Amino acid sequence: MEYDIAVGIDWSPASLAAVHWAAHEARRRGSGITLVHVWHRRARPTPYLRVGGTERAWAERTLEEAVRSVRSAHPGLRITERLVCDATVTALVTAADDAEMLVLGSPGPGPVGGFVTGSVSQRVVARADHPVVLVRAGRSAADEHLPAADGLAPEEIPETPYRDVVLGLRVDRPCDEVLDFAFEAARRRGSGPTCPRAAST
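Going by the working numbering, the sequence shown opens with residue 62, and the numbers climb by one from there.
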């Protein structure tokens with residue numbers, strides 16, 4: 062039995078990209094996805110909320126919109142919703158513990174808040190015992206494939222070979238779970254794992 066894939070969501074484009082990447086991966090594995098949205102009670106009024114709105118109502122709406130988007134693009138996929146009021150990193154690490162992997166959106170390196178490399182995602186990666194996948198804004202499952210020939214229809218993209226899975230590993234502290242995950246991901250895609258070597262001078 063495959064465990065579901067957990068996805069941490071907010072209102073960002075990167076989060077939406079992560080949701081759809083996770084949905085494609087879940088179909089590949091024959092599993093479902095669990096959408097996790099973390100919200101916080103605030104002592105002071107929040108200016109971006111509509112009149113009469115609450116943090117929880119805003120969080121519920123964010124979750125509902127994500128579910129609607131996934132169901133529209135991936136009919137029949139099993140979707141579980143989880144609304145959590147807790148510290149963001151703690152909630153996401155807990156979600157990772159209950160899943161095959163955790164997927165987060167990442168706009169990429171930069172000074173922007175949210176699931177950015179070096180922010181929440183970095184702390185989650187450091188604490189999580191299960192694999193964490195970061196998906197950049199604007200990316201999709203089709204980007205896992207090698208460039209398609211000119212004139213190839215979108216529905217033919219899955220027939221295009223996958224790119225190699227790149228594995229980053231510290232040779233002085235190898236991790237069997239990371240190795241197993243990379244080789245299994247490569248096997249499912251019919252590609253090869255690549256482990257680049259880096260030397261310090």
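Beta carbons: idealized from backbone N, C-alpha and C, even for Gly.
These numbers come from a predicted model, not from an experiment.
| Asked | Found |
| --- | --- |
| Closest Cα partner of residue 101 within the set 76, 156, 118, 246 | 118 |
| Beta-bridge partners of residue 143, as assigned by DSSP | 97 |
| Start and end residues, beta strand (DSSP E) containing residue 164 | 162 to 167 |
| Segment contact flag, the segment 82 to 101 with the segment 144 to 160, C-beta cutoff 8 Å, min 3 pairs | yes |
| Nearest candidate by alpha-carbon position, reference residue 150, set 138, 161, 165 | 165 |
| Proximity of residue 162 and residue 191 at Cβ, strictly below 8 Å | yes |
| DSSP three-state assignment for residue 102, whether helix, strand or coil | coil |
| Pairwise C-alpha distance: residue 244 and residue 128 | 31 Å |
| Reduced DSSP secondary structure (H/G/I, E/B, other) of residue 195 | strand |
| Residue 65 and residue 189 closer than 8 Å at C-beta | no |
| Cα-Cα separation, residue 255 to residue 246 | 12 Å |
| Residue 67 to residue 196 span [Cα, whole Å] | 13 Å |
| Beta-carbon proximity list for residue 141, same chain, < 8 Å, skipping 5 on both sides | 65, 93, 94, 95, 96 |
| Buried/exposed call for residue 86, threshold 16 Cβ in 10 Å | buried |
| Three-way DSSP call (helix, strand, coil) for residue 67 in this model | strand |
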